[in-house]
Amino acid sequence: MRGTEPRNPPADRNAIFAPSRRRLAAFAVLIVTITGLSACSANAGSSGGEKFEKFLADEPDVVDVRTAGTNNLPFYGSVGGSVTVTDDASEKRVGELADLIAGYINKHDSTFLSWSPVRLEIGDFALSVDGVQAHNDEMLSLYSQLKATDGVVGATIDDRTLVDASSAAELVGVYDAAAALLGDTHRADTPLTATARGFVVSGGETGIRPDAAIDAFTAAAATFDLVGAALNPHAFGLKLQRQTDVAAATAFIAALPYAASLGPITVTSGLVTQTGEGDFTQVNGIVDRIGAVTGLLEVESTPTQLTLTVDSVTAAQRVDALIGDAVDAATLESLRYQFEGDDPEFVVIGTDYAVRQSSLATAALLLTDDFVESIVLNPSGGWVVVANTAGLVEFAPSVKRAFAAGSGITVQTVDREFQLEFTAVTPLIVVPPYFDDETTDPLTEAAFIAAWNAAP
Numbered sequence: 001m002r003g004t005e006p007r008n009p010p011a012d013r014n015a016i017f018a019p020s021r022r023r024l025a026a027f028a029v030l031i032v033t034i035t036g037l038s039a040c041s042a043n044a045g046s047s048g049g050e051k052f053e054k055f056l057a058d059e060p061d062v063v064d065v066r067t068a069g070t071n072n073l074p075f076y077g078s079v080g081g082s083v084t085v086t087d088d089a090s091e092k093r094v095g096e097l098a099d100l101i102a103g104y105i106n107k108h109d110s111t112f113l114s115w116s117p118v119r120l121e122i123g124d125f126a127l128s129v130d131g132v133q134a135h136n137d138e139m140l141s142l143y144s145q146l147k148a149t150d151g152v153v154g155a156t157i158d159d160r161t162l163v164d165a166s167s168a169a170e171l172v173g174v175y176d177a178a179a180a181l182l183g184d185t186h187r188a189d190t191p192l193t194a195t196a197r198g199f200v201v202s203g204g205e206t207g208i209r210p211d212a213a214i215d216a217f218t219a220a221a222a223t224f225d226l227v228g229a230a231l232n233p234h235a236f237g238l239k240l241q242r243q244t245d246v247a248a249a250t251a252f253i254a255a256l257p258y259a260a261s262l263g264p265i266t267v268t269s270g271l272v273t274q275t276g277e278g279d280f281t282q283v284n285g286i287v288d289r290i291g292a293v294t295g296l297l298e299v300e301s302t303p304t305q306l307t308l309t310v311d312s313v314t315a316a317q318r319v320d321a322l323i324g325d326a327v328d329a330a331t332l333e334s335l336r337y338q339f340e341g342d343d344p345e346f347v348v349i350g351t352d353y354a355v356r357q358s359s360l361a362t363a364a365l366l367l368t369d370d371f372v373e374s375i376v377l378n379p380s381g382g383w384v385v386v387a388n389t390a391g392l393v394e395f396a397p398s399v400k401r402a403f404a405a406g407s408g409i410t411v412q413t414v415d416r417e418f419q420l421e422f423t424a425v426t427p428l429i430v431v432p433p434y435f436d437d438e439t440t441d442p443l444t445e446a447a448f449i450a451a452w453n454a455a456p
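Mapping to my numbering: the sequence shown position 309 is 309, numbers consecutive.
What follows is the structure in structure tokens.
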């Protein structure tokens, strides 16, 4: 009967429920995936590093473990790090630790966590440990052979090898010995560098021996006093002890028959940095007179000014004895001694030899006291910064003994709560402050003045 039949034929039941089944299957896969990921840390890199540190925490001969983890994506990461062992660990023990680290890397390297080589540090030697046993065995053999090589005092064996020589005289021999050892390994074509306190020889990225640079260095070392060199296949550099040798050494290198193969040539003096334009003859003469002095770290010069950075007041006094009262120093615009950095700050300025000697003696006396944070001395007097007000009364006699009578002195605390400018006479003469807000506690000031006046 019309109107009693369904408008559409019955649908197939499988067709009706198939989309739901697919959704259920996809949901089940998602649940399984999430369950699997839940076994991994959301911060895989940092978590992997923490577990590695715990793994080695109680291992004999291990003194420090540090890791750096990267959490690239949720549940994915990477980790690397360093393991420091006792300096006197035996080669056998180093091998055991390398095997232990390699085994851990292999066990824990996964889809979710990748491992970079771990740096194994033993004194001045460092080895790169990965999960490839053949690489590690080869590296341990290199470590043993380099330790036994004359002139080698340290090395880093990685995707590039760095070897430390005991002296510049051993530099080339150490480089060649290391190259021969690397030649029998899979590292034969990797970069090799040898260093010795300012002297560097490198084969560059290709590991090719810089024959011309080494020959030029050997020739120059037999002729000039060197304090540094940079030798590689593409450039050549020398640092000389004396500034006045720079021109002669430059001409010497340029005259070598193979000079063109050296690449860019740079010849400087080791301690000296020159700035400005003009005639440097006067300051170069002073620098050459100083020569190499223990504790002299750096010399900065313009044609009329000289700044000498030292590691102690004693070093400054040694240098100043060599400079003396010669006319070339006395006619400079400025001659200055200073420490590297500012802990404590130390500055002595003066072109008059007698004044410099007095200032250096003052600095030597005051800087033996940890109470002094900073001292700046010039021909007219000095500025002394101390730690606090509590020690000012006890410090006053030291200041009186250190400064010559008539000197202008300012004593100030680090926090600037106390500042007193005065002339070094007895009774002490206070100089009025330049600004109204430069006031200090009157009781502290009175106590300092009384201690000064009472001191012999």
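Just so you know, even glycine gets a beta-carbon here, dropped at the ideal spot from N, CA and C.
Every value quoted in this text rests on a predicted model; they were computed, and no experiment measured them.
According to DSSP, which residues form a beta bridge with residue 448?
-> None, per the DSSP bridge assignment.
With 16 other CB atoms within 10 Å as the buried threshold, where does residue 229 fall?
-> Label assigned to residue 229: buried.
From residue 377 to residue 50, what distance separates their C-alpha atoms?
-> Straight-line measurement puts the Cα of residue 50 at about 53 Å from the Cα of residue 377.
Three-way DSSP call (helix, strand, coil) for residue 208 in this model | The DSSP-derived three-state label of residue 208 is coil.
Buried or exposed: residue 31, going by 16 or more other Cβ atoms within 10 Å of its Cβ?
-> Here the model assigns residue 31 a pLDDT of 40, short of 50, so the residue's position is not dependable, and the following value carries that caveat. Residue 31 sits exposed, since fewer than 16 C-beta atoms from the chains shown fall within 10 Å of its C-beta.
For residue 285, the first and last residue of its enclosing alpha helix (DSSP H) = Taken as a continuous stretch (DSSP letters only), the alpha helix (DSSP H) holding residue 285 covers 281-290.
Sufficient close CB pairs (3 or more, under 8 Å) joining the stretch 308-319 to the stretch 348-365 = Taking a cut-off of 8 Å for Cβ pairs, the stretch 308-319 and the stretch 348-365 touch, as three or more such pairs fall below it.
Buried or exposed: residue 60, going by 16 or more other Cβ atoms within 10 Å of its Cβ?
-> Looking at its Cβ environment, which holds fewer than 16 other Cβ atoms inside 10 Å, residue 60 is exposed.
Is it right to say residue 443 is buried, meaning 16 or more other beta carbons lie within 10 angstroms of its own, or is it exposed?
-> The residue is exposed, with fewer than 16 neighbouring Cβ atoms inside 10 Å.
Is it the case that the Cβ atoms of residue 338 and residue 307 are separated by a distance below 8 Å?
-> Cβ atoms of residue 338 and residue 307: closer than 8 Å.
Flag this pair as touching only if the stretch 322-329 and the stretch 363-372 have three or more C-beta atom pairs under 8 Å; answer yes or no.
-> No: the two stretches stay apart, fewer than three of their Cβ pairs being nearer than 8 Å.
Determine the closest residue to residue 335 out of 342, 89 and 379, with distance taken between C-alpha atoms.
-> For residue 335, the closest of 342, 89 and 379 by C-alpha to C-alpha distance is 379.
So the beta strand (DSSP E) residue 104 belongs to, where does it begin and stop?
-> Unbroken run through residue 104 is the alpha helix (DSSP H), 91-108; no beta strand (DSSP E).
Between the beta-carbon of residue 384 and the beta-carbon of residue 414, is there less than 8 Å?
-> Pairing residue 384 with residue 414 gives a Cβ-Cβ distance that is not under 8 Å.
Note down, one range per segment and in chain order, each beta strand (DSSP E) of at least 3 residues found wholly within the stretch 100-180.
-> Listed in chain order, they are 113-122, 125-129, 152-157 and 161-165.
Are residue 354 and residue 393 closer than 8 Å when you measure CB to CB?
-> Judged by beta-carbon spacing, residue 393 lies beyond the 8 Å limit of residue 354, meaning their Cβ atoms are not closer than that value.
Residue range of the alpha helix (DSSP H) that includes residue 242 = Premise fails: residue 242 is in no alpha helix (DSSP H) and is neither H nor E.
From the DSSP output, in three-state form, read off residue 50 for me.
-> Residue 50 falls in the helix class under three-state DSSP.
Can you give the Cα-Cα distance for residue 138 and residue 85, rounded to whole angstroms?
-> One C-alpha to the other measures close to 20 Å.
Can you tell me whether DSSP reads residue 194 as helix, strand or coil?
-> Assigned with DSSP and collapsed to three states, residue 194 falls in strand.
Less than 8 Å between the CB atoms is what I'm expecting for residue 80 and residue 115, so what's the real figure, rounded?
-> With a Cβ gap of about 7 Å, residue 80 and residue 115 count as contacting.
Are the beta-carbon atoms of residue 304 and residue 332 separated by less than 8 Å?
-> Cβ atoms of residue 304 and residue 332: closer than 8 Å.
If you follow the beta strand (DSSP E) that residue 401 is part of, which residue opens it and which one closes it?
-> Here residue 401 belongs to no beta strand (DSSP E); instead the alpha helix (DSSP H) covers 392-402.
Using the C-alpha atoms, what's the distance from residue 162 back to residue 255?
-> Residue 255 and residue 162: Cα-Cα distance of roughly 32 Å.
Is there contact here, the stretch 190-203 with the stretch 165-179, by at least three beta-carbon pairs under 8 Å?
-> Touching, yes, given that three or more Cβ pairs across the two stretches are closer than 8 Å.
Would the beta-carbon of residue 285 fall within 8 Å of that of residue 328?
-> Yes, Cβ-Cβ distance for residue 285 and residue 328 is below 8 Å.
Give the straight-line distance between the Cα atoms of residue 56 and residue 63, rounded to the nearest whole angstrom.
-> The alpha-carbon atoms of residue 56 and residue 63 are separated by roughly 10 Å.
Report yes if the CB atom of residue 404 is closer than 8 Å to the CB atom of residue 424, and no otherwise.
-> Yes, these two residues count as a Cβ contact at 8 Å.
Residues near residue 207 by beta carbon distance below 8 Å, same chain, minus five either side | Cβ within range, chain order: 179, 182, 188, 189, 190, 191 and 192.
Straight-line gap, residue 212 to residue 370 (C-alpha atoms, nearest Å) = So the two alpha carbons sit approximately 53 Å from each other.
Buried/exposed call for residue 107, threshold 16 Cβ in 10 Å = The residue in question, residue 107, is exposed, as its Cβ has fewer than 16 Cβ neighbours within 10 Å.
Can you list, in chain order, the residues of its chain whose CB lies under 6 Å from that of residue 168, leaving out five sequence neighbours each side?
-> If we look at residue 168 and ignore the five residues flanking it on each side, its Cβ neighbours are 196 and 199.
Under the criterion of a Cβ to heavy atom distance below 7 Å, does residue 195 qualify as lining the ligand ATP?
-> The ligand ATP is not among the ligands present in this structure, which contains no ligands whatsoever.
Sub-8 Å separation of residue 396 and residue 448 beta-carbons | Contact flag set, yes.
Rounded to whole angstroms, what's the CA-CA distance from residue 68 to residue 214? Just pull it up for me.
-> One C-alpha to the other measures close to 39 Å.
Within this structure, are the beta carbons of residue 241 and residue 227 separated by less than 8 Å?
-> The Cβ-Cβ distance between residue 241 and residue 227 falls below 8 Å.
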